[in-house]
Each structure stands twice: as C-alpha cells, then as structure tokens.
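Step one of this worksheet: look at the structure below.
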Amino acid sequence: MKLFRKVLLLLLWMGAGWAISGCSPSESASPTGSSKTGLVAPRPDAAAKMFEGPDVLSLSLVIEPAEQARLAENAREYVRCRLVETGGDEWSEVGVKLKGAAGSFNELDGKPALTLKLDKFRKKSAQSFHGLTKFHLNNSVQDETYLHEWVCSGLFREAGVPTPRVAHARVVLNGRDLGLYVLKESFDRQFIARHFASHDGNLYDGGFCQDLDADLERDVGSGDDTHADQHALLEACRLPNLEERWAKMATHLDVEAFLTFAAMELMTGHWDGYCLNRNNYRLYFEAPTQKGYFLPHGMDQMFGDPGAGILDRPNVIVAGAVFENPVWRTRFRERIRELLPLFDPPDRLLERVDRMVPRLQAALASFDPGQAAAYPEKIEDLKNRLTARAANLREQSEQPDPPPPGPLEFEGDAGVELADWQPASESDDAVLEVVELPMEQAAYLIRCGGGGPCVASWRRQVLLSRGEYRLVASAKTTDVVPRDDERGTGAGLRISGSSRERGLEGTSADWQPLEYRFSVAEDVQEIVLVAELRATAGEVQFDTRSLKLFRLPD
Numbered sequence: 051m052k053l054f055r056k057v058l059l060l061l062l063w064m065g066a067g068w069a070i071s072g073c074s075p076s077e078s079a080s081p082t083g084s085s086k087t088g089l090v091a092p093r094p095d096a097a098a099k100m101f102e103g104p105d106v107l108s109l110s111l112v113i114e115p116a117e118q119a120r121l122a123e124n125a126r127e128y129v130r131c132r133l134v135e136t137g138g139d140e141w142s143e144v145g146v147k148l149k150g151a152a153g154s155f156n157e158l159d160g161k162p163a164l165t166l167k168l169d170k171f172r173k174k175s176a177q178s179f180h181g182l183t184k185f186h187l188n189n190s191v192q193d194e195t196y197l198h199e200w201v202c203s204g205l206f207r208e209a210g211v212p213t214p215r216v217a218h219a220r221v222v223l224n225g226r227d228l229g230l231y232v233l234k235e236s237f238d239r240q241f242i243a244r245h246f247a248s249h250d251g252n253l254y255d256g257g258f259c260q261d262l263d264a265d266l267e268r269d270v271g272s273g274d275d276t277h278a279d280q281h282a283l284l285e286a287c288r289l290p291n292l293e294e295r296w297a298k299m300a301t302h303l304d305v306e307a308f309l310t311f312a313a314m315e316l317m318t319g320h321w322d323g324y325c326l327n328r329n330n331y332r333l334y335f336e337a338p339t340q341k342g343y344f345l346p347h348g349m350d351q352m353f354g355d356p357g358a359g360i361l362d363r364p365n366v367i368v369a370g371a372v373f374e375n376p377v378w379r380t381r382f383r384e385r386i387r388e389l390l391p392l393f394d395p396p397d398r399l400l401e402r403v404d405r406m407v408p409r410l411q412a413a414l415a416s417f418d419p420g421q422a423a424a425y426p427e428k429i430e431d432l433k434n435r436l437t438a439r440a441a442n443l444r445e446q447s448e449q450p451d452p453p454p455p456g457p458l459e460f461e462g463d464a465g466v467e468l469a470d471w472q473p474a475s476e477s478d479d480a481v482l483e484v485v486e487l488p489m490e491q492a493a494y495l496i497r498c499g500g501g502g503p504c505v506a507s508w509r510r511q512v513l514l515s516r517g518e519y520r521l522v523a524s525a526k527t528t529d530v531v532p533r534d535d536e537r538g539t540g541a542g543l544r545i546s547g548s549s550r551e552r553g554l555e556g557t558s559a560d561w562q563p564l565e566y567r568f569s570v571a572e573d574v575q576e577i578v579l580v581a582e583l584r585a586t587a588g589e590v591q592f593d594t595r596s597l598k599l600f601r602l603p604d
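Residue numbers for the sequence shown follow the numbering used here, beginning at 51 and rising by one.
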C-alpha cells in the first residue's frame, strides 16, 4: 500500500502541474538568456578572446622578499606582487596567494598553485587581466596532460552547466621558470553575472569533503552570512514526508540543473567531485528565487577509470534525496542519454585534444625537453581513456536501473563494525589521516593546525530503518583545548544535523569510551555518522575497530 500511495502521489503531483524545477532539456543545455531568473546564455566578455585564442600565455610574477616572508607565514593570505605578460601589459599591486589541497599544494619554492586578484589592493583604481579581476594558475601536478580541466570545462559548458573557462600559461616566478600552468577563470561576482539572470545571491565554497550539513564558506554575497538559503535546502532534503520533501526541494533547488550537473560529474568520472566525494564544488543560490545551483570544480583527475559507474545512487545529501524521487530518477536516466553524444562517438573529443597538443608540446619543449618527449605517451593514454569511456557510457546508458540500496542489517544484539569513514574539514590546515597503531590496528586521526579553531571530522553514511540506535567508539586525545560550539566541544560522536554534550578534552593516557544515541523516525533514512574534533588545539585518534553501531531493542 505504501508503494502504491507513493506512485499515486507522484501521478497526482505531475498532473496538477508540478514540474521539475528549471528549463526544458533543450533550454537547459542552451539557455536563451530571456529569463529574468535562473541560468542564462553566457554573456560575452573581454576575456573570451584570451580563452578562445591559440596562444600559450607567457607570464612573469615578481614577489618582493618582504611579501614572500608574509606568504611563508600564511600561504592563504594575499600579498602584493607585480604581474607582467610578455608582449603585453604590466600590473602592479596584484594580490597573490598560494592555493591547492593535499594533492596539488606546493610551497613557494616548489611549483606553487596560485590565485591572483587584481583588485585586491587597488579598489579605487580597478585593474583587470584580459577582463578578469581574479584568476587561478594551477600547477597541474596531478595531470601531466594539462588537459583534464580544459576538456571537462568544455564538456560541462556544452551541457549547460556554468563552468570556469580554461587556458594555458608559461609562468616565471622571481626569475625562476616554473613551466606550464593551467590558467583558470575564478568563481566570483563576474562569473556569476555571466551565467545567471541575477548575480546578487550567495556563492558557497564546498570546502574539503563537506556536504550541506556543514556551514560552507561564502565566497560571494551581501548582507548577513546566515546560510539561510543553504539551511533551507538541507532541511528540505531531510523532511520525513516524501511529498513535502519533494515539493520543498523543488522550491530550493533547480532540479533539472542539478540532474545535468550530477550526470556530467558521473559521466566524466569526477571521483573527487560532489556526488562521489562531497568535494570540489560550488553552490550558488540565486537571490530572487533562492534556488540552488551546483557548479563543478577541481577537474584535474578526470576519466581515470573508463568503467566508473554512473547508475549507483551517490551517498551525498542532495543527490541522495533527488534520486529517491522516481520521477527525477527517470529524468536523470533521460538526461544521460541526451548528454551521451558529447562523449560518444569520441571522435570530436579526440580531435579537440589533437588540436591542443602542438601548442602545449612546443611550450614544454622550450623549458623541459624531457617532459616534451614523454608528452605524446601521456596524450595517447588520455585518448585511449576517452575512447574506452565513450563505449562504457553507451553500455551503461542502456542498462536497467539498479534497485535502491536496502537499510543496514543487524543480527540480534550484535553491533556492526563500520569501516571506510571519510574525512571532512571546515578548517584549511587541519590534518586528517589514517595512522597505524601497534598490534596491526589503526586510528582515524584529527590534528588541529596552527591557523585557528579546528572543526574537522570523519564521517560514515548509513541507510537505517526506523528505530533507536547507539554509536560507540574508543578515542584518545592529546592536548585538546575545546572551543565553544553549539554542536559540541572537544572530541566526540554525533550524527549530522544534531548536537552533542561536551566531549573529550586535554590528554587521555588510555582509550576512552564514547557513545551517542539517536533515533530514526522514517521507514528508511540515510544518516551521516560523525566522529569529530571541535577545538582550538590538540589532536584525537579514533580506533578504527571500535567504531560500531548498535540497534536497540524495540
């Protein structure tokens, strides 16, 4: 009867005029620009000539010793530099800082990834670089082809997803030739104004492995930073009543745009994006409608597995809630088939790659003949992966939809040991890693950095049936100084969206037991378990084998 009722509700909902939020498929892929809200056709700008041009730019940066010292103290704070383009202009008092996460971050004396902001220190006399006030120079240390970002940026934009444009540059820093870089447009007010009818909304940075249950950092916005739009979407995704949930979600999310975004993430094999890792994304809420739009980021490790699945339901908050709706799930499958020609046949993509190779290989040869000699092999590997991916996507697009996953099963009073917890951090300098312990054991470590308060966690998503539960763990702290926080203090356990009592602090000589009890009110509900540290200093270890979940007797 419950299944029949859900289907009936869906049919009535559709017949009453409820439509998936957003444009029709053709409009979504190619916005008209006539709408007063939502996505519009990208507006022409001065930067188009650079991004569409045939040249590898030649850039020189000069950072004075005093500014270098400041950057060494805090790599994430802007310092002043001078920017010179060979055969072009020169810009003074340009803001520059280091960027990158664990895989791509390099110190200034290596091959650093950089963010440049031309109006950081010259607000009254604005300056721009080919029309851009902010852009990135990515070191591409995880992509030896220098083409993953370029290829995927084009694919996402063809699909109708607002995505930063990409070019290439050879970079010299204080006279030291750093070689080839990927030059990338920034997510900023300019970017939003090009792609949306209204640019007065809030743009959030997804941070490192964070979902909507963390207060995302606001990069663009005005007024009080209350996260009201983000919280409204989160609450909509968690409403227990399905018809209320889906109606609210359509109010706070452009569902059609999200289905396209999700399809493209999965089809390009973006394992480190939102759908597969709660990472590398931006979220923009347009002011008039308060609807959210997910935007892709960090696409330097794409098409790594040509056989990566596209039909499994992602274990993230928004995608999980969207794909639970049968109508939206059906539309997702349709969207995959509509987008398939971008990938299959692969000839068009392969031709694009071939057109880029001569200019990039020439740039490599000018400063590193060895890297240039090895470059054709890297390109051949990329082309093989693109070809294999096209065939695999064609095959998967024709497969039946897999059944939705069932809730976690328990045997009597026995608990379930939970492995494969994932890191998440609201603090840039927090350290999260798996460390070895004696007797072939291991622990999930969280260590505060030196940059201020630390909010970081290890998380595990589980699908649970209605009932009462108990999450337990053993933890050991070292010099933990708790911070005042409404979610809880020190080291402890909870579930996402909840708060807890005061946790462990100081230094514990032995492993200390932790426990958190909670209830599930829905027939089946996805829950995010959290083992966290909220402190200003110190570290905690959670014994990996001790993290268990028990279902309490009815």
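Quick reminder that beta carbons are idealized off the backbone N, C-alpha and C, glycines included.
| Asked | Found |
| --- | --- |
| Touch test, the region 339-356 against the region 416-430, Cβ-Cβ under 8 Å, three pairs minimum | no |
| Cβ separation of S596 and A506, assumed to be a contact under 8 Å, to the nearest whole Å | About 19 Å; that fails the 8 Å criterion. |
| Secondary structure of Y425, DSSP reduced to three states | helix |
| L602 beta carbon less than 8 Å from that of G517 | yes |
| Alpha carbon of F393 to alpha carbon of P426, nearest angstrom | 22 Å |
| 8 Å Cβ cutoff met for L458 and L521 | no |
| Per DSSP, cross-strand counterpart(s) of N188 | V232 |
| The region 524-536 / the region 472-489 touching (three or more Cβ pairs under 8 Å) | no |
| Secondary structure of P563, DSSP reduced to three states | strand |
| CA nearest to the CA of L168, picked from P563, N442, S236 and E582 | S236 |
| Length at least 3, wholly inside the region 143-167: the beta strand (DSSP E) runs in chain order | 163-167 |
| Status (buried if at least 16 other CB within 10 Å, exposed otherwise) for G257 | buried |
| G354 burial status per 10 Å Cβ neighbour count (16 or more: buried) | exposed |
| Span of the beta strand (DSSP E), counted from its first residue to its last, around V505 | C504 to P532 |
| Beta-carbon proximity of D362 to P503, cut-off 8 Å | no |
| Three-pair Cβ contact test at 8 Å for the region 169-179 versus the region 274-292 | no |
| Complete runs of the alpha helix (DSSP H) confined to the region 204-290 [at least 4 residues] | 239-245 and 278-287 |
| Assigned exposure category for L121 - 16 Cβ within 10 Å defines buried | buried |
| Beta-carbon contacts of I242 that lie in its chain and below 7 Å, excluding the five residues immediately before and after | H249, L253, V270 and Y334 |
| Beta-carbon gap between L89 and P212 smaller than 8 Å | yes |
| One or two residues paired with F629 in a DSSP bridge | The requested residue 629 is not part of the displayed model; the chain covers only 51 to 604. |
| Neighbourhood of H347 by C-beta, 7 Å cutoff - its chain only, sequence neighbours within 5 removed | N330, Y331 and R332 |
| E140 - partner residues in DSSP beta bridges | V134 |
| Assigned secondary structure, A581 (DSSP; H/G/I helix, E/B strand, else coil) | strand |
| I386, enclosing alpha helix (DSSP H) - first and last residue | P376 to L389 |
| Selection from D573, A438 and S477 that minimises the alpha carbon distance to L583 | S477 |
| 6 Å Cβ shell around T165 - same chain, five flanking residues per side excluded | K147, K149 and H186 |
| Three-state class that DSSP yields for E77 in the structure shown | A caution first: E77 carries a pLDDT of 31, below 50, which makes its placement in the model unreliable, though a value can still be read off. Three-state result, E77: helix. |
| As assigned by DSSP and simplified to three states, the class of V90 | coil |
| Check whether R295 and A286 have beta carbons under 8 Å apart | yes |
| Limits of the alpha helix (DSSP H) - the one that Q411 falls within | D397 to A415 |
| CA-to-CA distance, L309 to R328, given in whole angstroms | 16 Å |
| N- and C-terminal bounds of the alpha helix (DSSP H) containing F101 | A98 to E102 |
| For A337, three-class secondary structure by DSSP | coil |
| Distance between E536 and R55 (C-alpha atoms, nearest Å) | Reliability of the predicted coordinates at R55 is poor, the pLDDT of 41 falling under 50, and no value is obtained from them. |
| Span of the alpha helix (DSSP H), counted from its first residue to its last, around Q351 | Q351 -> no alpha helix (DSSP H), and no H or E assigned at all. |
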